[in-house]
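Novice: Pasting a structure here, questions to come.
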Amino acid sequence: MTLRIGNFSGFYGDRSDALREMLTGGEVDVLTGDYLAELTMLILGRDRLKDPGAGYARTFLRQLEECLALVHDKRVKIVTNAGGLNPAGLAARVRELSERLGVPLRVAHVEGDDLTAAHPGSLAAHAYLGGFGIAACLRAGADVVVTGRVTDAALVTGPAAAHFDWPADAYDRLAGAVVAGHVLECGTQATGGNYAFFTEGPGDVGRPGFPLAELHEDGSAVITKHPGTGGFVDVGTVTAQLLYETTGARYAGPDVTARLDTVRLRQDGPDRVRIEGVRGEAPPPTLKVGRNRLGGFRNEVVFVLTGLDVEAKAALVRRQLAPALAKVADVRWELVRTDRPDAATEETASALLRLVVRDADQQAVGRALSGAAVELALASYPGFHVLAPPGKGAPYGVFEDAYVPQDAVEHVAVLPDGRRVPVAPAPGSAVPEDVPEPPLPGPPPDGPPPDGPTRRAPLGLVAGARSGDKGGHANVGVWARTDAAWSWLAHTLTADRFRALLPETAPLPVTRHVLPRLRALNFVVEGILGEGVAAQARFDPQAKALGEWLRSRHLDIPEALL
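Take 222 as the starting number for the sequence shown in our numbering and just add one per residue.
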């Protein structure tokens with residue numbers, strides 16, 4: 222018996238026609254829509270400040286309205302976290318939509334994640350719930366299930382638990398569903414989107430199709446996509462997504478701790494990757510709580526420095542603005558040398574000097590800065606201009622983690638008939654501990670000789686990477702595509718070598734996790750994103766391109782691998 226679960230949204234703002242594409246492109250039993258990220262919760266929190274009835278992803282309603290008859294006719298279940306901060310409100314809107322269009326649908330929702338009242342000063346504080354509230358709604362006959370802040374993988378574990386009637390302690394099977402859910406959650410990142418080797422794939426990644434998983438009762442799955450859609454699914458695209466926004470071998474969640482070091486992947490035909498062997502353990506005794514608060518105000522101005530004397534021009538601007546910035550709490554300058562000597566165009570002859578300021582006082586980063594910067598228009602370096610004038614200062618957010626006991630959260634499934642059913646916490650728990658580093662691979666028979674010739678070349682010629690954010694931390698997953706490349710990578714790319722290749726990480730704690738079955742290393746860089754994406758403390762605030770920077774760095778690589 223197979224359950225086909227597809228994805229039609231990986232973030233708030235994803236392709237609007239994806240729901241219709243997934244409904245019409247092939248057979249599917251359940252469609253999941255993931256709309257929530259740390260930054261999204263802040264955006265929805267600010268929406269709710271303006272309108273207490275808001276706080277959910279409005280785009281989901283528009284998508285559903287266009288496809289409601291198809292959902293009903295094909296008997297496809299919809300499970301989505303688009304409820305955000307107001308799942309009851311979105312569920313009510315879906316019911317109204319169903320009545321207005323005359324398409325009967327049974328709607329349920331999940332509550333209990335909202336802990337804002339217990340965290341004074343937070344704009345939004347929400348526990349990450351598991352999938353058994355979703356399962357209760359589906360077992361009660363729901364056609365559409367709306368949640369707030371559940372784990373991304375819960376959108377898959379819930380339907381799987383309901384369909385296969387898994388008990389809460391079926392840890393291996395739940396772990397398999399978690400892994401499949403993690404692959405699906407970011408939509409087209411599993412089908413060639415944002416993929417390191419996008420130029421080499423068998424499918425056109427100009428418009429990748431959305432992924433789906435064929436789940437089996439034993440927890441194994443096949444990742445695939447509808448026939449005729451763009452992109453491609455292979456071991457590399459699945460590996461990349463498995464490493465995205467994870468840490469070590471233990472991937473902890475509210476239902477189960479999945480052991481990523483047990484995952485086995487194999488190509489099962491064109492656009493088909495089988496996931497099997499996943500082991501699970503009891504989940505932690507606590508639930509993660511994501512807290513978003515307003516941190517103050519932020520402003521930015523980018524000065525364009527063209528031609529000669531770039532360093533001197535930058536120094537002049539910094540000196541001229543120093544009095545206006547003297548009392549600002551956080552001032553960051555960054556000179557980006559995009560200029561080239563003897564350039565053929567003005568743009569390629571120009572460097573960018575970026576100023577970012579943050580302070581609790583909007584005035585300090587607003588008019589005080591904008592006035593001082595504008596006054597330099599005729600009184601600074603030759604060729605003075607900026608990409609855009611600074612504004613009045615915009616509020617920025619701060620993301621923080623907290624943890625509460627599982628039984629401190631009132632997880633509730635609100636069924637289609639209005640009954641409220643409490644969802645019990647996991648029957649057991651275990652505090653996740655770091656897994657001892659496994660033995661590193663020896664040289665394979667076809668590997669490069671230890672003393673063979675090397676060539677200075679980019680790491681990305683032999684390794685893929687994908688990176689992302691978790692609060693103020695970032696992870697960079699790096700994987701090899703052959704045993705020979707894996708043997709070299711595992712011995713070469715140590716945490717110290719990683720810091721040397723990415724000097725911005727040099728003063729920060731960097732932890733390396735080894736995942737031999739994926740031929741992968743996962744690096745966690747603590748604190749590189751400051752107070753999280755909403756604070757925008759870094760040029761790349763979500764660390765999306767950190768892995769590509771690493772792949773572009775040069776080191777001595779055995780010629781046999783190139």
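A virtual CB, placed ideally from N, CA and C, is assigned to each residue, including glycine.
So, is R480 buried or exposed, given that buried needs 16 or more other C-beta atoms within 10 angstroms?
Specialist: As a working mapping, residue 480 is identified with position 259 in the sequence shown. Counting Cβ neighbours within 10 Å, R480 comes out buried, since at least 16 surround it.
Novice: In this structure, how does DSSP classify D628 when only helix, strand and coil are distinguished?
Specialist: Residue mapping note: residue 628 aligns to position 407 of the sequence shown, counting from 1. D628 falls in the helix class under three-state DSSP.
Novice: Can at least three beta-carbon pairs, one atom from the region 495-506 and one from the region 678-689, be found at a separation below 8 angstroms?
Specialist: Flag = no, the region 495-506 and the region 678-689 do not touch.
Novice: With 16 as the cutoff for other CB atoms within 10 Å, does K446 come out buried or exposed?
Specialist: The residue labelled residue 446 in the question sits at position 225 within the sequence shown. Buried: at least 16 other Cβ atoms inside 10 Å.
Novice: Compute the beta-carbon to beta-carbon distance between L526 and K534, rounded to the nearest angstrom, for a pair I have assumed lies under 8 angstroms.
Specialist: Here residue 526 corresponds to residue number 305 of the sequence shown, with the count starting at 1. Here residue 534 corresponds to residue number 313 of the sequence shown, with the count starting at 1. Contact holds; Cβ gap of about 5 angstroms.
Novice: Let me confirm a value: V595 is counted as buried when at least 16 other C-beta atoms fall within 10 Å, else exposed. Which label applies?
Specialist: As a first step, residue 595 must be located in the sequence shown, where it is residue number 374. V595 is exposed by the Cβ-count criterion.
Novice: Could you name each continuous alpha helix (DSSP H) segment of 4 residues or more that falls completely within the region 489-556, going from the start of the chain to the end?
Specialist: Runs found: 531-546.
Novice: Under a three-way DSSP split, which group does Y392 fall into?
Specialist: Indexing the sequence shown from 1 puts residue 392 at position 171. Helix.
Novice: Span of the beta strand (DSSP E) holding P380?
Specialist: For the purposes of this step, residue 380 is taken as the residue at position 159 of the sequence shown. Counting along the chain, P380 falls outside any beta strand (DSSP E), though it belongs to the alpha helix (DSSP H) covering 375-385.
Novice: Per DSSP, what are the beta-bridge partners of S688 in this structure?
Specialist: Translated into positions along the sequence shown, residue 688 becomes position 467. Bridge partners of S688: V697.
Novice: Are the region 341-350 and the region 260-279 in contact at 8 angstroms, needing three or more beta carbon pairs?
Specialist: The region 341-350, when compared against the region 260-279, does touch it at the 8 angstroms Cβ threshold.
Novice: What is the rounded straight-line gap between the Cα of V456 and the Cα of A375?
Specialist: Working through the sequence shown from its first residue, we reach residue 456 at position 235. Working through the sequence shown from its first residue, we reach residue 375 at position 154. So the two alpha carbons sit approximately 23 angstroms from each other.
Novice: Taking three-plus beta-carbon pairs below 8 angstroms as touching, is the region 574-584 in contact with the region 652-660?
Specialist: Contact fails: fewer than three Cβ-Cβ distances are below 8 angstroms.
Novice: Going by DSSP in three states, H606 sits in which element: helix, strand or coil?
Specialist: Counted from its first residue, the sequence shown places residue 606 at position 385. Three-state DSSP puts H606 in a strand.
Novice: Which residue from L556, V366, L291 puts its Cα closest to that of V523?
Specialist: On the sequence shown, position 302 is the one that residue 523 refers to. The shortest C-alpha separation from V523 is found at L556.
Novice: Report the rounded CA-to-CA distance for A309 versus H330, giving the unit in angstroms.
Specialist: Here residue 309 corresponds to residue number 88 of the sequence shown, with the count starting at 1. Here residue 330 corresponds to residue number 109 of the sequence shown, with the count starting at 1. Answer to the nearest angstrom: the Cα atoms are 6 angstroms apart.
Novice: Curious, which full-length beta strand (DSSP E) runs of at least 3 residues does the region 393-461 contain?
Specialist: Runs of the beta strand (DSSP E) inside the region 393-461: 432-437, 442-446.
Novice: Just to confirm before moving on: does the CB-CB distance between R327 and A363 stay below 8 angstroms?
Specialist: Taking the first residue of the sequence shown as 1, we reach residue 327 at position 106. Taking the first residue of the sequence shown as 1, we reach residue 363 at position 142. In this structure, A363 lies closer than 8 angstroms to R327 by Cβ.
Novice: Which residue marks the beginning of the beta strand (DSSP E) containing H293, and which one marks its end?
Specialist: Locating residue 293 in the sequence shown gives position 72, where the first residue counts as 1. Element bounds for H293: not the beta strand (DSSP E) but the alpha helix (DSSP H), 279-295.
Novice: Looking at the unbroken alpha helix (DSSP H) that takes in R370, where does it start and where does it end?
Specialist: Mapped onto the sequence shown, residue 370 falls at position 149. Element bounds for R370: n/a, residue is neither H nor E.
Novice: Helix, strand or coil for I778, going by three-state DSSP, please let me know.
Specialist: For the purposes of this step, residue 778 is identified with residue 557 of the sequence shown, where counting begins at 1. Three-state DSSP puts I778 in a strand.
Novice: What do you reckon, are the CB atoms on A701 and L710 nearer than 8 angstroms?
Specialist: In the sequence shown, the residue the question calls residue 701 occupies position 480. In the sequence shown, the residue the question calls residue 710 occupies position 489. Yes, these two residues count as a Cβ contact at 8 angstroms.
Novice: When the Cα atoms are used, what is the spatial distance from H734 to A706?
Specialist: Within the sequence shown, numbered from 1, the residue matching residue 734 stands at position 513. Within the sequence shown, numbered from 1, the residue matching residue 706 stands at position 485. Distance between the alpha carbons of H734 and A706 is about 17 angstroms.
Novice: Which whole-angstrom value describes the C-beta separation of V699 and L771, a residue pair presumed to lie in contact below a C-beta threshold of 8 angstroms?
Specialist: Within the sequence shown, numbered from 1, the residue matching residue 699 stands at position 478. Within the sequence shown, numbered from 1, the residue matching residue 771 stands at position 550. Yes, V699 and L771 are in contact; Cβ-Cβ is about 7 angstroms, under 8 angstroms.
Novice: Tell me the DSSP bridge mates of F620?
Specialist: In the sequence shown, counting from the first residue as 1, residue 620 sits at position 399. Answer is N513, bridged to F620.
Novice: Strictly by DSSP, which residues pair up with E332?
Specialist: Here the question's residue 332 lines up with position 111 in the sequence shown. Beta-bridge pairing links E332 to V633.
Novice: Tell whether a beta-carbon distance below 8 angstroms holds between T450 and G422.
Specialist: Looking up residue 450 in the sequence shown gives position 229. Looking up residue 422 in the sequence shown gives position 201. Not closer than 8 angstroms, so no.
Novice: Between G379, P659, P626, A589, which lies nearest to G402 when the distance is taken from Cα to Cα?
Specialist: As a first step, residue 402 is located in the sequence shown; it is residue number 181 there, counting from the start. G402 has its Cα closest to that of G379, out of G379, P659, P626, A589.
Novice: Exposed or buried, what is A686 when buried is set at 16 or more other beta-carbons lying within 10 Å of its beta-carbon?
Specialist: Translated into positions along the sequence shown, residue 686 becomes position 465. Its Cβ being crowded by 16 or more others within 10 Å, A686 is buried.
Novice: Helix, strand or coil, according to DSSP, for I355 in the structure here?
Specialist: Residue 355 sits at position 134 when you count from the first residue of the sequence shown. Residue state, collapsed to three classes: helix.
Novice: Is there contact between the region 729-749 and the region 597-611, where contact requires at least three CB pairs shorter than 8 angstroms?
Specialist: Touching, no, given that fewer than three Cβ pairs across the two stretches are closer than 8 angstroms.
Novice: Once DSSP output is grouped into helix, strand and coil, what is the label at V851?
Specialist: Since the first residue of the chain shown is 222 and the last is 783, residue 851 is not available in this structure.
Novice: Hey, quick one: how far does the alpha helix (DSSP H) through S319 stretch, first residue to last?
Specialist: Numbered from 1 along the sequence shown, position 98 holds the residue referred to as residue 319. From DSSP, the alpha helix (DSSP H) with S319 extends over 308-322.
Novice: Give the DSSP bridge partners of T483, in chain order.
Specialist: Within the sequence shown, residue 483 is the residue found at index 262, counting from 1. Paired residues: none, contrary to the question.
Novice: Who are the near neighbours of L515 in its chain, counting only those whose CB is closer than 7 angstroms to its CB and skipping five residues on each side?
Specialist: For the purposes of this step, residue 515 is taken as the residue at position 294 of the sequence shown. Same-chain partners within the cutoff: L344, P616, G618.
Novice: Rounded to whole angstroms, what's the CA-CA distance from R575 to Y465? Just pull it up for me.
Specialist: Along the sequence shown, read from residue 1 onward, the residue named residue 575 stands at position 354. Along the sequence shown, read from residue 1 onward, the residue named residue 465 stands at position 244. Answer to the nearest angstrom: the Cα atoms are 29 angstroms apart.
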